[in-house]
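Peer 1:
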Amino acid sequence: MTLVQAGLLAQVAATCLALAAAAVVGPRHRARFAGAAIVASGIAGAVTGALALAGGRGSVTLPVSLPFDPVVLAPDRLGGFFMIVAGAVGAVAALYGIGYVQGAAASRTSWSAMAIFVLALQLVPAADDAVSFLLLWELMAVSSTVLLLADHARRAAVRSAALWYAVMTHLSFLLLLLGFAVLAAAGGGTGFGSMARVSSVSTAASAAFVLLILGFASKAGIVPLHVWLPRAHPEAPSHVSALMSAAMVKMGVYGALLVSVRLMPGGPVWWGLLLIALGGVSAVYGILQASVATDLKRMLAYSTSENVGLMFLALGTGLLLRSYGIGGPADAAIAACLLLVAGHAAFKTTLFLGAGSILHATGERDLDRLGGLTARMPVTSMAFGIGALGAAALPVTSGFVAEWALLQSLIHGANTQNRLVSVVMPIAVTVVALTAGLALLAFVKAYGIAFLARPRGEGAATAHESGRAMRVAMLTAAASVIALGLAPGPLLTAAGAAAGLPRVGPVGWWGIDLSGIGALLDPLALTTMAAAVLVPVLLVSVRLARRLPRRRVALPWGGGGVRLSPRMQYTATSYAEPLSRVFDDALRPERDVLVTHSAESRYLVERVQFRQYLDDIVETTVYRPGIALMDRIGLAARRLQNGSIHRYLGYSFFALVAILIVVSL
Amino acid sequence: MNTRALVLAAVQVIVMAVLSPLLVGLMRQVRARMEGRAGAGVLQPARDLRKLFAKEPLRAEGTSWVMSVGPVVLVASSALVCVLVPLVGTITFPLVPDDLFVMVSVLLLGTVALALVGLDAGSAFGGMGSSRHMTIAALVEPTVLVSVYALSIPVGSSSLSAIVHGRLVHPSSVVAPVSLLALVALFVAVVAETGRMPVDNPSTHLELTMIHEAMVLESSGRDLAWLELGSWLRLGALLGLVGSLLAPWGIASSVTPLSLLIGVLALVAKLVVLGSALAAGEVFLAKLRLFRVPELLAGSFVLAFLAVTASYLVVQA
Amino acid sequence: MSLVALIRMIRSTGRIAEPAPAPPEGLPGRPAALAGSVQVRHVDAGSCNGCEVEIGGAFGPVYDAERYGARLVASPRHADVVLVTGVVTHNMSEPLRRTVEATPEPRLVLAVGDCARGCGVFAGAYGAAGKVGDFVDVDLEVPGCPPEPAVIVDALRRVTGR
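Residue numbers (the numbering used here), protein chains in the order written: chain W, 1 to 665; chain P, 666 to 982; chain Y, 983 to 1144.
1) Within 10 Å of its beta-carbon, does glutamate 960(P) have 16 or more other beta-carbons around it, so buried, or fewer, so exposed?
2) Quick one: what's got a C-beta closer than 7 Å to glutamine 408(W)'s C-beta in the same chain, skipping five residues either side?
3) Below 7 Å CB to CB, which residues in the same chain sit around valine 60(W) once its five sequence neighbours on both sides are set aside?
4) From alanine 786(P) to tryptophan 730(P), what distance separates their C-alpha atoms?
5) Starting from the Cα of arginine 322(W), find the closest Cα among Glu306(W), Val261(W), Ala40(W) and Leu353(W) and give me that residue.
6) Tell me whether the region 586-599 of chain W and the region 376-390 of chain W touch, counting them as touching only if at least three CB pairs, one residue from each stretch, are closer than 8 Å.
7) Are the beta-carbon atoms belonging to arginine 696(P) and glutamate 947(P) less than 7 Å from one another?
8) For leucine 544(W), go through chain A and note every residue whose CB falls closer than 9 Å to its CB, in chain order.
9) What residues in its chain sit with their C-beta under 7 Å from that of glycine 45(W), if we drop five residues either side in the sequence?
10) Straight-line CA distance for alanine 497(W) to alanine 236(W)?
11) Given alanine 945(P), which residues of its chain have a CB within under 7 Å of its CB, disregarding the five upstream and five downstream residues?
12) Counting only Cβ pairs nearer than 7 Å, list the residues of chain P close to glycine 1051(Y).
13) Just to confirm the assignment, what range does the beta strand (DSSP E) spanning glycine 1112(Y) have?
14) Measuring only between beta-carbons, confirm whether alanine 982(P) sits less than 7 Å from chain W.
15) Going by DSSP, what residue range makes up the alpha helix (DSSP H) through glutamine 289(W)?
16) Kindly list, in the order they appear in chain W, the residues whose Cβ is closer than 7 Å to that of proline 1013(Y).
17) Scan the region 505-537 of chain W and note each continuous beta strand (DSSP E) run of 3 residues or more that stays entirely inside, going in chain order.
18) Please report the distance separating the alpha-carbon of glycine 459(W) from that of glycine 363(W).
19) What does leucine 555(W) reach in chain Y if we use C-beta pairs closer than 9 Å?
20) Could you tell me which of Ser422(W), Ser132(W), Ala473(W) and Leu212(W) sits nearest to alanine 975(P), measuring between CA atoms?
21) Please report the residue range of the beta strand (DSSP E) in which tyrosine 96(W) lies.
22) Using a beta-carbon distance cut-off of less than 7 Å, what residues from the region 856-890 of chain P approach chain Y?
23) With 16 other CB atoms within 10 Å as the buried threshold, where does alanine 658(W) fall?
24) Given a threshold of 16 other Cβ atoms within 10 Å of its Cβ, counted over all protein chains shown, does threonine 169(W) qualify as buried or as exposed?
25) With a threshold of 6 Å (Cβ to nearest heavy atom), would phenylalanine 33(W) be considered close to the ligand FMN?
26) Going along the chain, which unbroken runs of the alpha helix (DSSP H) with 4 or more residues stay wholly within the region 573-605 of chain W?
27) Classify glutamine 569(W) as helix, strand or coil using the three-state DSSP reduction.
28) Between valine 1020(Y) and chain W, is any beta-carbon pair separated by less than 7 Å?
29) When DSSP labels each residue in this structure, what does valine 681(W) get in the three-state scheme?
30) Alpha carbon to alpha carbon, what distance is there between phenylalanine 352(W) and serine 241(W)?
31) Would you call the region 881-894 of chain P and the region 709-723 of chain P touching, i.e. three or more CB-CB distances under 8 Å?
32) Tell me, please, whether the region 334-348 of chain W touches the region 389-404 of chain W by the rule of three or more beta-carbon pairs shorter than 8 Å.
33) Taking just the CA atoms, how far does arginine 647(W) sit from alanine 655(W)?
34) To the nearest angstrom, how far is the alpha carbon of alanine 256(W) from that of alanine 162(W)?
35) Please confirm whether leucine 492(W) and isoleucine 512(W) have their CB atoms less than 7 Å apart.
36) Give the secondary structure of leucine 1092(Y) by DSSP, where H, G and I count as helix, E and B as strand, and everything else as coil.
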């Protein structure tokens, strides 16, 4: 029994323990026992992934009922990397859930579904053949739908979100099924080993590539298949949102890597271009919608879409450069993709857990009603702030290191005589720069409006800090954002091992070296330099603080007016207003202004009400017409159904005749 | 290698800390003289700073630790930018790249700190300034990255010191049309990022037209002093970067006292020329309406993008 | 005006600022921290704007109060001196108090014009609540209706010491 086998079995055992705890233990202690078992399963998954990444081998076959083949689990290095990500996020989310869940989210169903969800998340990267992969994929989808439906009795939006989610995830399942079927037919077997033998330049490979990439892109939240993301992630309980956003969409990225790096490497040029196009559009659209969103969790959901777009962009760049033989920058690009995966998992978990903490304490998700939380919830404020720094790619966080690596690979990738590459790379640099700038605005808005200044609503004014389990989980996630930012060397080594990249590695203390393009970065050295520069400033400040202490005054300066209220502060809607004007055509907000005149005179105004609606344009221009078309086709088809038994018998007769004719041909 | 880089870094920070108030004083003096006034003298900003350190800082109810930590972060990030940008010399630390993205990120850390100070003020003006400032920062970032990218293509490295050194060694690249396009775009981006005319009027009193000033309306005493010094250091460092790229002669390649002295004098000359040009521009230009600023930034982005594509066409031809 | 015409105008106009008169003696008890640099926040507590025109002239090119270290600022948090003009009306009494309170120490209040001193033509009117000294501590009064720009500049020079 190898260590990897033991690890895989340990995960299954811990999950069974969690299921038992969820079923048997009473409501007072259920969260603690089930949650602890899921934490154990998550840790086991992360450890198994680390073993697989280090080169350990082991295979476990789980018998499943007929007619399916048994599930074969044999993680390779790439799978191991993603198992670590899924396991770590699962453990932190479960720990958070112990303190967070209440009401329907604390029921037996929810905890059981959570246990299965975390297990499925960890085992999808470990699957070694298409059928196991799809089974575990479906398990992941079903359990997450159940979890999403936790609050359905209280809010109608949850039901609608779950419907969209279920339809989109099964659409992606269908595409994956077709793609794997094509590959299995061409390769002569459903195992990934036999699929890897298919030539990457054949038409079967191209057809399979398109189907599989579309399927994985839908799960990952790539525009235009992302419409479930901004609906589902906000409505789920926050620890489930963290799991979905930080771990589940990564399975889409894992799938893309699986297809392009393991199963069909060396594909034609247009594969890379397709990924770059999908990723670029997704990145810009996602962050644009995030910048103007006022619902905190919806903003985080769109930010996930943006980051996954960047991951696809990085992967596409790697493929494009490899197909032209530009090896060094290609390695750097794929390494950047994996750095983004880990970095995003870290900061997105932190952000969603922080948002959940805010929701738990204030009952509000709307940024326009929050404010002043940094004094009342200091731990949440610090964790969310670190997560926001990471999402905005500021030093020294995991997001900064990942984005630096991506930009380096793009800039150095263009040093070439190739005309196509030298047009695509500057466009990609522009896309990355624009998303980085907009991400800054989005997260300054989120942190500043939610935590600073004075509360804009009742819920925010009476907030209190979260319980111990939630605080520990948030701080663990925040610490990982800083750790991955200060010491990215080991992470880069892991990424290099996962994707088989020879020209990336650590340097200095824990810095990273992309030797294929001659770029290195040691964030610890940068931090030391910053500290050195900070010392004289702090010395002066401290000396002055003793002589001239800060005096507290009652009122902020607001023009000396006598009617200062917290409602005069900027809200999230107003913060993003200049940006929504600039991008008016892309966002198309709808604005309603309702003026109520005073009873006595039409020249005096009693009340003015302003409403702004920002819908997802892809949904309104593509999906709703599509759904309306389906409705019309359905209505038209109802004419076939007139209730006459004679007509129905006639249909069966003609169908039989048609099949007999076709079969005899 | 490390001690040489350390000496150069210390020289750059100290020189910029001394020169930035003088630069702002020079700009105000040039503007005053062109308007027919006598002006307060080049040393006035330094006097203002000294007085601000002697005033007590106030903290209103409803504000938080951001009001005291934000200014310190701004100053530290601006000083770090002075270390990273090749102002006096082109010697870098082995493990800290003065890479384009690293420099821009450190600069943006200061931008974010300032924006949070504006939001924490709890007034409508602070939020307004913060919102406009971040919108402009978001739209400027593509221009900055793409224009320095265009300048990095002939050299093959995105390290700022390598770019400046490459231009020093091949003077013909300084006057190449690609380089001029990129420098114009970069100059517009610097004007927007540091809040000078025509994007923002640094001496306005009308709160509804303010961008940078609105964010600091609530700060007082040493908080305000750090905010002012941080903004001046950013202006000096970015103008110094444009000067080093435009006229790399005089930049030290070694750390001997003579070469450092020449480097400092060259930096002074470049800052005087660029600062006076900016100040003269402030006399002749009117401030742009806020919703015309994205058009200006889009125009500068187009220039930068043209520079990038043109440099690939030139290489291939 | 075109660029060339503007340049020509600047060159032909030359310097407008008049030579500086002899510096006055300093205000007794003025804070040492304010030597050489004074930021001024102006508050109109109900004036007829005559004093405002003169203050505008004081900071204009001819008298150029900026060369003595004084500068107008927008926020009292940035200010050292609060320059108050006008009789204090009922509506402005509280904002005036809040503005002075919002100014960090060391600070001075200058009452400019006869109305601010309580002996102007509007003193005792139904809209006037009193003179500036009734609401905040005044450190220096500048008499005149309106006071000449030179007198206003003089008062500021007594604070800056330049």
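All residues carry an ideal CB built from backbone N, CA and C; glycine is no exception.
Peer 2: Reading off the structure:
1) exposed
2) Ala332, Leu514, Ile517 and Ala519
3) Gln5, Leu8, Leu9 and Leu73
4) 11 Å
5) Val261(W)
6) no
7) yes
8) Checking the listed chains, one finds no chain A in this structure; the protein chains it contains are W, P and Y.
9) Gln11, Met83, Ala86, Gly87, Gly90 and Gln122
10) 35 Å
11) Val695 and Met699
12) Ala705, Gln709 and Arg712
13) 1110-1112
14) In this prediction, alanine 982(P) has a pLDDT of 42, which is less than 50 and means its spatial position is unreliable; what the coordinates show is noted afterwards. No - not a single Cβ of chain W is within 7 Å of the one on alanine 982(P).
15) 269-292
16) What proline 1013(Y) touches in chain W: nothing, since even the nearest Cβ is about 13 Å away.
17) 505-507, 511-514 and 519-521
18) 6 Å
19) Arg1080, Glu1083 and Ala1084
20) Ser422(W)
21) Segment 77-100 is the alpha helix (DSSP H) holding tyrosine 96(W); no beta strand (DSSP E) there.
22) His870, Glu872, Glu878, Leu882, Glu883, Ser884, Ser885, Gly886 and Leu889
23) exposed
24) buried
25) As for the ligand FMN, it is missing from this structure, which has no ligand bound.
26) 577-582 and 584-587
27) coil
28) no
29) This structure gives no information on residue 681(W), because the portion of chain W shown stretches from 1 to 665.
30) 7 Å
31) yes
32) yes
33) 12 Å
34) 25 Å
35) yes
36) strand
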